[in-house]
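**Q** One structure follows; several queries about it will come next.
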Amino acid sequence: MEWQGWFSLSVTLIGTSTNLIVNGQYQTLTGEDGFSLFDITAVGLPVSIVGVIVMVVLFPRLLPDRSEKNPFSNLREFTLEVAVAHNGPLVGKSIQVAGLRNLKRIFLVEIERAGHILTAVDSDEVLQGGDRLVFAGNTEAITDLLRINGIVPSAENEHPVAISQAVSERRLVEAVVSPHCAVVGERIRDAKFRDRYDAVVMAVARNGERVSGNLGSVRLNVGDTLLLEARPVFVSRQRYSKDFLLINDLNSESPRHDRAYVAWAILLGVVLTAGFQLTSMLNAAMLGAGLMIVLGCCSLNQAEKSLDLPVLVTIGASFALGAALLQTGAANFLAQKVLELSGGQPWLLLVLTYALISILTEVISNNAAAILSLPIVLEMAEKAQLNPEPFVFAIMMGASASFATPIGYQCNLMVYGPGGYRFSDFLKVGILMNLIIGATTVVTLILGWPLTLAD
Numbered sequence: 286m287e288w289q290g291w292f293s294l295s296v297t298l299i300g301t302s303t304n305l306i307v308n309g310q311y312q313t314l315t316g317e318d319g320f321s322l323f324d325i326t327a328v329g330l331p332v333s334i335v336g337v338i339v340m341v342v343l344f345p346r347l348l349p350d351r352s353e354k355n356p357f358s359n360l361r362e363f364t365l366e367v368a369v370a371h372n373g374p375l376v377g378k379s380i381q382v383a384g385l386r387n388l389k390r391i392f393l394v395e396i397e398r399a400g401h402i403l404t405a406v407d408s409d410e411v412l413q414g415g416d417r418l419v420f421a422g423n424t425e426a427i428t429d430l431l432r433i434n435g436i437v438p439s440a441e442n443e444h445p446v447a448i449s450q451a452v453s454e455r456r457l458v459e460a461v462v463s464p465h466c467a468v469v470g471e472r473i474r475d476a477k478f479r480d481r482y483d484a485v486v487m488a489v490a491r492n493g494e495r496v497s498g499n500l501g502s503v504r505l506n507v508g509d510t511l512l513l514e515a516r517p518v519f520v521s522r523q524r525y526s527k528d529f530l531l532i533n534d535l536n537s538e539s540p541r542h543d544r545a546y547v548a549w550a551i552l553l554g555v556v557l558t559a560g561f562q563l564t565s566m567l568n569a570a571m572l573g574a575g576l577m578i579v580l581g582c583c584s585l586n587q588a589e590k591s592l593d594l595p596v597l598v599t600i601g602a603s604f605a606l607g608a609a610l611l612q613t614g615a616a617n618f619l620a621q622k623v624l625e626l627s628g629g630q631p632w633l634l635l636v637l638t639y640a641l642i643s644i645l646t647e648v649i650s651n652n653a654a655a656i657l658s659l660p661i662v663l664e665m666a667e668k669a670q671l672n673p674e675p676f677v678f679a680i681m682m683g684a685s686a687s688f689a690t691p692i693g694y695q696c697n698l699m700v701y702g703p704g705g706y707r708f709s710d711f712l713k714v715g716i717l718m719n720l721i722i723g724a725t726t727v728v729t730l731i732l733g734w735p736l737t738l739a740d
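Here you go:
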């Protein structure tokens with residue numbers, strides 16, 4: 286499920302948006318400087334280690350295997366032909382090492398090399414520059430395949446394919462051939478898609494099944510579904526054309542592998558700048574994001590699409606709710622009740638704080654749960670003369686440690702369908718994981734931080 290990602294997100298302040306939001310709200314409510322990049326690492330790292338051990342040891346035994354025995358039974362199946370770039374990183378690697386053997390919902394059918402067809406390809410077969418790889422699978426799987434560094438679109442002619450042919454501003458588009466299309470009856474190689482439509486045919490499906498044979502030799506029929514690599518303007522042009530009945534922009538731009546090291550350098554610079562407190566977290570992040578666009582690591586369009594407006598609105602509304610709790614006295618009232626329930630015991634108060642956050646985050650968003658709880662916890666710590674730092678860390682950890690329901694965290698919903706999980710699966714292992722992570726977090730905070738303020 287999404288727990289593998291959570292373990293890596295909980296060890297730094299920038300690992301998840303929840304940590305940043307809590308830190309920003311903490312600064313606003315208290316006037317303090319807030320926390321540095323690695324302040325949460327001391328609690329996040331041991332919790333992550335315990336979580337990974339539990340996941341590896343127990344989850345394979347507790348979760349049933351509901352993987353499809355026939356992964357292509359209910360999918361529209363494309364035939365895709367790609368090539369191994371001559372100057373790419375896959376040359377000299379075996380099929381297994383290159384990561385092309387155990388791909389999900391897509392499989393390698395054959396390899397065309399120097400005019401010869403290799404079928405039933407062995408996992409130890411070594412790739413050569415210019416190899417044409419024929420795959421079969423569905424649209425989403427093909428999109429993932431094309432993101433592998435060293436895989437490039439197969440040319441429409443027999444000229445060698447170089448890695449420079451992958452154009453970063455191109456995207457994948459799904460189109461259905463209409464009866465009025467000028468290329469009906471022609472072979473893909475002869476149709477000159479690049480000259481006619483400024484597009485390249487990446488894959489073709491016919492009647493929901495893959496088409497056998499060399500992709501360039503396939504004669505197009507009415508109703509064939511094509512996966513094209515084209516410029517964004519292709520979609521707007523074809524809306525007024527009779528060549529295709531349906532256009533589906535998959536919104537998938539080719540990754541810019543040549544800028545990978547630049548992106549890593551920018552990320553490292555942001556982490557170091559914020560970690561050594563040379564500037565604020567916000568300034569470092571904004572500078573890093575700007576450099577990513579200016580230096581070509583991502584396009585302005587990709588950066589714009591990465592902003593999730595509903596999430597931003599939810600966070601903004603949660604800030605207002607948190608402020609209202611504080612200003613109306615509701616936070617003071619709830620804090621007083623929790624203090625009475627704890628009997629004045631700081632360790633029990635910490636347990637109740639984590640439990641409160643853990644329950645809230647299962648029924649509302651993690652960001653909202655954290656922001657709504659923070660004013661209450663700060664009021665509680667002030668009344669009892671307690672050190673607020675471990676309680677704030679409990680909020681950060683508990684708000685993101687949502688494993689018991691698929692609605693508790695957006696990543697849970699992302700894997701709910703594709704993983705074949707049921708609600709009962711989350712309850713079975715999620716409640717156990719919540720208890721283990723919660724106990725580890727609370728024990729680490731009690732041992733590592735003083736709960737009371739020094740006189």
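Just so it is clear: in the sequence shown, position 206 is 491 by my numbering, and no numbers are missing.
Just so you know, even glycine gets a beta-carbon here, dropped at the ideal spot from N, CA and C.
Given the structure is predicted, the values throughout are model-derived calculations rather than measurements.
Closest to V369 by C-alpha separation, out of R417, V411 and L322, would be which residue?
**A** Here the question's residue 369 lines up with position 84 in the sequence shown. That would be R417, whose Cα lies nearest to the Cα of V369.
**Q** Determine whether the beta carbon atoms of T729 and P331 lie at a separation below 7 Å.
**A** Position 444 of the sequence shown holds residue 729. Position 46 of the sequence shown holds residue 331. Yes, they are a contact pair.
**Q** V556 bridges to which residues according to DSSP?
**A** Start at 1 with the first residue of the sequence shown, and residue 556 comes out as number 271. V556 is not bridged to any residue.
**Q** Suppose you measure from the CA of L511 to the CA of A686; what does that come to, to the nearest Å?
**A** Your numbering for residue 511 matches position 226 in the sequence shown. Your numbering for residue 686 matches position 401 in the sequence shown. If you take the alpha carbons of L511 and A686, they lie about 42 Å apart.
**Q** Determine the closest residue to P673 out of V296, L314, A689 and T564, with distance taken between C-alpha atoms.
**A** Here residue 673 is taken as the residue at index 388 of the sequence shown, counted from 1. Of the candidates V296, L314, A689 and T564, the one whose C-alpha sits nearest the C-alpha of P673 is L314.
**Q** Tell me which residue opens and which closes the alpha helix (DSSP H) that P345 is part of.
**A** Stepping through the sequence shown from its first residue, residue 345 is reached at position 60. Element bounds for P345: T326 to L347.
**Q** For R516, name the three-state secondary structure that DSSP assigns.
**A** To locate residue 516, count along the sequence shown from 1; it is residue 231. Coil, per DSSP.
**Q** Apart from the five residues just before and just after F678, which ones in its own chain have a Cβ nearer than 7 Å to its Cβ?
**A** Start at 1 with the first residue of the sequence shown, and residue 678 comes out as number 393. If we look at F678 and ignore the five residues flanking it on each side, its Cβ neighbours are I325, V328 and L730.
**Q** Below 8 Å CB to CB, which residues in the same chain sit around E410 once its five sequence neighbours on both sides are set aside?
**A** One-based indexing of the sequence shown puts residue 410 at position 125. Here the set comprises S379, I380, I396 and L403.
**Q** Which residues in the same chain have their Cβ closer than 6 Å to the Cβ of A605, if we skip the five residues on either side of it in sequence?
**A** Taking the sequence shown and counting its residues from 1, the one referred to as residue 605 is at position 320. Closer than 6 Å at Cβ, skipping near neighbours: no residue.
**Q** Taking DSSP's pairing of strands, which residues face R707 in a bridge?
**A** Within the sequence shown, residue 707 is the residue found at index 422, counting from 1. According to DSSP, R707 bridges with nothing at all.
**Q** Does the beta-carbon of F618 have 16 or more other beta-carbons within 10 angstroms, so that it is buried, or is it exposed?
**A** Here the question's residue 618 lines up with position 333 in the sequence shown. Result: exposed.
**Q** Under the DSSP definition of a beta bridge, which residues are partnered with S379?
**A** The residue labelled residue 379 in the question sits at position 94 within the sequence shown. In DSSP, S379 forms a bridge with V411.
**Q** Does the region 656-675 come close enough to the region 305-320 to have 3 or more Cβ pairs within less than 8 Å?
**A** Touching, yes.
**Q** Specify, as a first and last residue, the run of the beta strand (DSSP E) that T564 falls within.
**A** The residue you call residue 564 lines up with position 279 of the sequence shown. First-last for T564: undefined, no H or E at that position.
**Q** E625 by DSSP, collapsed to three states: which one?
**A** As a first step, residue 625 must be located in the sequence shown, where it is residue number 340. The answer is helix: DSSP assigns E625 an H, G or I state.
**Q** Would you grab the beta carbon distance between V307 and L659 for me? Rounded to a whole angstrom, and I think it's under 8 Å.
**A** For the purposes of this step, residue 307 is taken as residue 22 along the sequence shown, with counting starting at 1. For the purposes of this step, residue 659 is taken as residue 374 along the sequence shown, with counting starting at 1. Confirmed, about 6 Å.
**Q** Can you give the Cα-Cα distance for M566 and A548, rounded to whole angstroms?
**A** Taking the sequence shown and counting its residues from 1, the one referred to as residue 566 is at position 281. Taking the sequence shown and counting its residues from 1, the one referred to as residue 548 is at position 263. Straight-line Cα distance between these residues: approximately 18 Å.
**Q** For A488, write down the residues that DSSP places opposite it in a beta bridge.
**A** On the sequence shown, residue 488 is found 203 positions in, with the first residue counted as 1. Per DSSP, L365 and L512.
**Q** Using three-state DSSP, classify L388 as helix, strand or coil.
**A** Locating residue 388 in the sequence shown gives position 103, where the first residue counts as 1. Looking at L388 - three-state DSSP - the assignment turns out to be coil, as it is neither helix nor strand.
**Q** Output the boundary residues of the alpha helix (DSSP H) element that contains T315.
**A** In the sequence shown, the residue the question calls residue 315 occupies position 30. Here the alpha helix (DSSP H) through T315 covers S302 to T315.
**Q** Is it buried or exposed for T725, if we count other Cβ within 10 angstroms and need 16 for buried?
**A** On the sequence shown, position 440 is the one that residue 725 refers to. When all chains shown are included, T725 counts as buried.
**Q** Could you tell me which residues DSSP puts in a beta bridge with H401?
**A** For the purposes of this step, residue 401 is taken as residue 116 along the sequence shown, with counting starting at 1. Note: H401 sits in a beta bridge opposite R398.
**Q** Look up V296 in the DSSP assignment and say whether it is helix, strand or coil.
**A** Translated into positions along the sequence shown, residue 296 becomes position 11. Here V296 sits in coil by DSSP.
**Q** Helix, strand or coil: which one does DSSP assign to L738?
**A** Position 453 of the sequence shown, counted from the start, is the residue given in the question as residue 738. L738: coil per DSSP, three-state reduction.
**Q** Assess contact between the region 549-558 and the region 514-530, defined as three or more Cβ pairs (one per stretch) separated by less than 8 Å. Is contact present?
**A** The answer is no - the region 514-530 does not touch the region 549-558, with fewer than three Cβ pairs under 8 Å.
**Q** From the DSSP output, which residues share a beta bridge with R417?
**A** Here residue 417 refers to the residue found at position 132 when the sequence shown is read from its first residue. DSSP, once it has assigned bridges, lists A368 and E397 as partnering R417.
**Q** Of the choices V555, V714 and P735, whose alpha-carbon is the least far from that of M340?
**A** For the purposes of this step, residue 340 is taken as the residue at position 55 of the sequence shown. When each option's Cα is compared against that of M340, the closest is V714.
**Q** Give me the Cα-Cα distance between P691 and D710, rounded to the nearest whole angstrom.
**A** Your numbering for residue 691 matches position 406 in the sequence shown. Your numbering for residue 710 matches position 425 in the sequence shown. Straight-line Cα distance between these residues: approximately 9 Å.
**Q** Please decide whether R522 counts as near chain D, where near means a Cβ-Cβ distance under 7 Å.
**A** Checking the listed chains, one finds no chain D in this structure; it contains a single protein chain.
**Q** Please check the pair R541 and L580, which I expect to be a contact at CB under 8 Å, by giving their CB distance rounded to whole angstroms.
**A** To locate residue 541, count along the sequence shown from 1; it is residue 256. To locate residue 580, count along the sequence shown from 1; it is residue 295. Going by Cβ atoms, the distance from R541 to L580 rounds to 10 Å, so no, they are not a contact pair.
**Q** Just to confirm the assignment, what range does the beta strand (DSSP E) spanning I436 have?
**A** As a working note, residue 436 is residue 151 in the sequence shown. Here the beta strand (DSSP E) through I436 covers I436 to P438.
**Q** Looking at the structure shown, is R432 part of a helix, part of a strand, or coil, going by DSSP?
**A** On the sequence shown, residue 432 is found 147 positions in, with the first residue counted as 1. Looking at R432 - three-state DSSP - the assignment turns out to be coil, as it is neither helix nor strand.
**Q** Can you tell which of M681, L732, S408 and F708 has its C-alpha closest to the C-alpha of F320?
**A** As a first step, residue 320 is located in the sequence shown; it is residue number 35 there, counting from the start. It is M681 whose Cα lies nearest to the Cα of F320.
**Q** Could you please give me the residues that DSSP links to L671 through a beta bridge?
**A** Working through the sequence shown from its first residue, we reach residue 671 at position 386. Partner(s): T737.
**Q** Does the distance between the C-beta of P374 and the nearest non-hydrogen atom of the ligand COA fall short of 6 Å?
**A** The ligand COA is absent from the structure shown, which contains no ligands of any kind.
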